[in-house]
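Chemist:
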Amino acid sequence: MAQIQQGGPDEKEKTTALKDLLSRIDLDELMKKDEPPLEFPDTLEGFEYVFNEKGQLRHIKTGEPFVFNYREDLHRWNQKRYEALGEIITKYVYELLEKECHLKKVTLPVDATESEPKSFIFMSEDALTNPDKLLVLIHGNGVVRAGQWARRLIINEDLDSGTQIPYIKRAIGEGYGVIVLNPNENYIEVEKTKAQVQLSSDSSDEPAEKRERKDKIQKETKKRRDFYEKYRNPQKEKETMQMNIRDNGSPEEHAIYVWDHFISQSAAENVFFVAHGYGGLAFVELMIQREAEVKNKVTAVALTDSVHNVWHQEVGKTIREWMRENCCNWVSSSEPLDTSVESMLPDCPRVSAGTERHELTSWKSFPSIFKFFSEAVEAKNSSVKPTPMRRSNRIKYEEL
């Protein structure tokens with residue numbers, strides 16, 4: 000021990016010097032040293048991939064599924080290639096929503112000027128005029144955009160499991176109007192110098208109170224954005240900054256905006272929500288902000304592995320009681336589909352989605368959710384409250 004103690008100061012000095020050396024090394028730059036240029040195709044055909052008749056992504060020449068490790072020992076480059084493909088997938092799904100599902104693209108904000116940042120949602124032609132039923136779809140957090148549940152599933156599994164298209168087609172077939180939210184499209188990116196000029200000219204006439212509210216939203220969502228930003232524009236190397244989309248600067252703001260300008264104005268007697276992951280949190284925030292309106296208009300809510308938390312979100316007793324009666328959360332679980340799952344939170348019933356994979360919960364619970372909605376309408380018409388807890392026993396597929 001004495002010898003170790005005598006050599007302590009020297010060892011400590013060496014360690015400090017080593018740490019100082021390592022701190023000077025930019026590991027990201029080191030990884031780029033022998034990396035090919037981050038230049039990727041901008042079409043599926045350019046990647047030599049296509050979706051087959053089963054909705055599976057396959058290589059045009061080999062017929063094989065997508066290969067992540069396209070270049071050995073170049074993980075960062077492979078990841079950037081994957082992200083570039085993901086951006087193409089997003090545009091491809093948008094096209095399917097319009098061409099296959101016959102939805103229309105609606106710009107947000109509704110009164111946007113030509114020069115300001117914009118977002119959009121998708122709606123069926125009868126979304127606001129259908130007197131009977133309206134289905135609202137909210138995806139989770141991350142890189143996904145309108146029409147998607149999980150990019151990973153679209154690329155590695157198929158379009159049915161990874162997109163909202165099966166929900167949209169079935170809903171339209173059963174007489175629902177449809178609105179597809181786009182809660183992660185909260186900002187646009189512009190080169191920093193141009194953005195600074197734009198911000199100075201656009202914000203000068205904005206009331207101080209409104210600027211303060213926008214700043215607060217930006218701070219609350221910055222950490223989450225920064226984490227996902229690297230997946231959005233994998234080929235960009237220029238220094239950019241984010242410009243918020245007015246009144247849609249976060250998933251929560253987006254849900255409230257679409258409610259105020261579209262859902263609350265719809266003619267539907269019965270409004271239904273399917274909200275996945277963070278989309279469940281956004282719905283609960285909507286309830287907090289528009290409790291009376293939601294209770295009056297929404298018939299049932301299906302959550303899929305929702306990350307909402309009634310304690311952290313400070314949900315009141317009256318909302319929790321309404322959720323117990325009108326919501327059901329299909330969660331990731333090893334139990335069979337629709338088996339009751341214990342919960343520590345006093346909100347809505349939780350049942351198994353029939354899968355332990357978070358991203359698959361919306362797809363696996365798909366048939367049960369539409370059955371849940373049908374029963375909710377029947378219960379409402381007969382003046383009997385729907386009871387999601389009836390799902391304590393597994394529902395057989397034959398019944399669906």
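In numbering that gives the first Met the number 0, the protein residues as written are 0 to 399.
Glycine included, C-beta positions come from ideal geometry on N, C-alpha and C.
Residues in the same chain with beta-carbon distance under 6 Å from Met286, minus the five sequence neighbours each way, listed in chain order, please.
Modeler: Within the same chain, Met286 has close Cβ partners Val293 and Ile318.
Chemist: Need the endpoints of the alpha helix (DSSP H) that Gly85 sits in, please.
Modeler: Taken as a continuous stretch (DSSP letters only), the alpha helix (DSSP H) holding Gly85 covers His74 to Lys98.
Chemist: Do Pro116 and Glu242 count as a contact pair if the criterion is CB distance below 8 Å?
Modeler: For the sequence presented, residue 242 should be read as Met rather than Glu. A contact, by the Cβ cut-off of 8 Å.
Chemist: Within 10 angstroms of the Cβ of Asn380, are there 16 or more other Cβ atoms? Answer buried if so, exposed if not.
Modeler: Asn380 should be labelled exposed.
Chemist: Distance, Cα to Cα, Lys103 vs Val143?
Modeler: Cα to Cα, the separation comes out at about 19 Å.
Chemist: Applying the 10 Å Cβ sphere with the 16-neighbour rule, what's the burial state of Gln264?
Modeler: Looking at its Cβ environment, which holds fewer than 16 other Cβ atoms inside 10 Å, Gln264 is exposed.
Chemist: Using a threshold of 8 Å, state whether the C-beta atoms of Pro250 and Asn140 are closer than that.
Modeler: Result yes, Cβ atoms of Pro250 and Asn140 sit closer than 8 Å.
Chemist: Does DSSP classify Lys60 as helix, strand or coil?
Modeler: In this structure, Lys60 counts as coil in the three-state DSSP scheme.
Chemist: Looking at C-alpha atoms only, which residue of Asn68, Glu290, Pro182 and Ala378 is the closest neighbour of Asp246?
Modeler: Measuring from the Cα of Asp246, the nearest candidate turns out to be Pro182.
Chemist: Would you mind sorting Thr106 into buried or exposed? The rule is 16 or more other CB atoms within 10 Å of its CB.
Modeler: Thr106 comes out exposed.
Chemist: Spatial neighbours of Gln312 within its chain, please: CB distance less than 6 Å, with the 5 preceding and 5 following residues excluded, ordered by chain position.
Modeler: Val283, listed in sequence order.
Chemist: Does the Cβ-Cβ distance between Ile120 and Val179 come in under 8 Å?
Modeler: Yes, these two residues count as a Cβ contact at 8 Å.
Chemist: Return the CA-CA distance between Glu334 and Gly353, expressed in angstroms with no decimal places.
Modeler: If I take the Cα positions, the gap works out to 6 Å.
Chemist: Let me know the secondary structure DSSP gives Leu133 once reduced to three states.
Modeler: Residue state, collapsed to three classes: strand.
Chemist: Provide the residue span of the beta strand (DSSP E) that contains Thr106, from first to last.
Modeler: Looking at the DSSP string, the run of the beta strand (DSSP E) that includes Thr106 is Lys103 to Leu107.
Chemist: Just reading off the alpha helix (DSSP H) that Glu377 is part of, what are its end residues?
Modeler: Element bounds for Glu377: Phe365 to Asn380.
Chemist: Quick check on this structure: which residue in Arg151, Gly161 and Ala267 has the alpha carbon closest to the alpha carbon of Val297?
Modeler: The shortest Cα separation from Val297 among Arg151, Gly161 and Ala267 belongs to Ala267.
Chemist: What is the C-beta distance between Val300 and Asn325, in whole angstroms, given that I count them as a contact (C-beta under 8 Å)?
Modeler: 6 Å between Cβ atoms; contact.
Chemist: Go to Gly45, then tell me how far its alpha helix (DSSP H) extends in each direction, as first and last residue.
Modeler: Where Gly45 is concerned, the enclosing alpha helix (DSSP H) stretches over Leu43 to Phe46.
Chemist: I'd like to confirm the pairing. Which residues does DSSP put opposite Val177 in its beta bridges?
Modeler: In the DSSP output, where bridge partners are listed per residue, Val177 has Leu134.
Chemist: If we ignore side chains and look at the alpha-carbon of each, how far apart do Lys98 and Leu56 end up?
Modeler: Between Lys98 and Leu56, the C-alpha separation is close to 19 Å.
Chemist: Can you tell me the Cβ-Cβ gap for Asp304 and Ser342, rounded? I've got them flagged as a contact below 8 Å.
Modeler: Not quite, the Cβ-Cβ distance comes to about 13 Å (not below 8 Å), so this is no contact.
Chemist: State the Cα-Cα distance for the pair Asn155 and Pro64, rounded to the nearest angstrom.
Modeler: Roughly 7 Å separates the two Cα atoms.
Chemist: Might you give, ordered along the chain, the residues of its own chain that have their beta carbon closer than 6 Å to the beta carbon of Asp89, omitting 5 neighbours on each side?
Modeler: Sequence check: residue 89 is Thr here, not Asp. Once the five neighbours on either side are set aside, the close Cβ partners of Thr89 are Arg144.
Chemist: Please list the segments of the alpha helix (DSSP H) lying wholly inside the segment 289 to 366, counting only runs of 4 or more residues, in order along the chain.
Modeler: Taking only runs of at least 4 residues, the alpha helix (DSSP H) segments lying wholly in the segment 289 to 366 are 290 to 296, 316 to 325 and 360 to 363.
Chemist: The alpha helix (DSSP H) spanning Ser118 covers which residue range?
Modeler: That residue, Ser118, is in no alpha helix (DSSP H); its beta strand (DSSP E) goes Ser118 to Met122.
Chemist: What residues in its chain sit with their C-beta under 8 Å from that of Tyr186, if we drop five residues either side in the sequence?
Modeler: Excluding sequence neighbours, Tyr186 sits near Pro116, Arg224, Gln241, Met242, Asn243, Ile244 and Gly248.
Chemist: Suppose you measure from the CA of Trp310 to the CA of Leu344; what does that come to, to the nearest Å?
Modeler: Taking the straight line joining both Cα atoms gives about 8 Å.
Chemist: Any idea which residues DSSP pairs Gln241 with across the strands?
Modeler: The partner list for Gln241 (beta bridge, DSSP) reads Glu188.
Chemist: If you follow the beta strand (DSSP E) that Asn269 is in, where does it begin and where does it stop?
Modeler: From DSSP, the beta strand (DSSP E) with Asn269 extends over Asn269 to His275.
Chemist: Using CA coordinates, which residue listed in His275, Phe271, Pro40 and Glu355 is at the minimum distance from Ala170?
Modeler: It is Phe271 whose Cα lies nearest to the Cα of Ala170.
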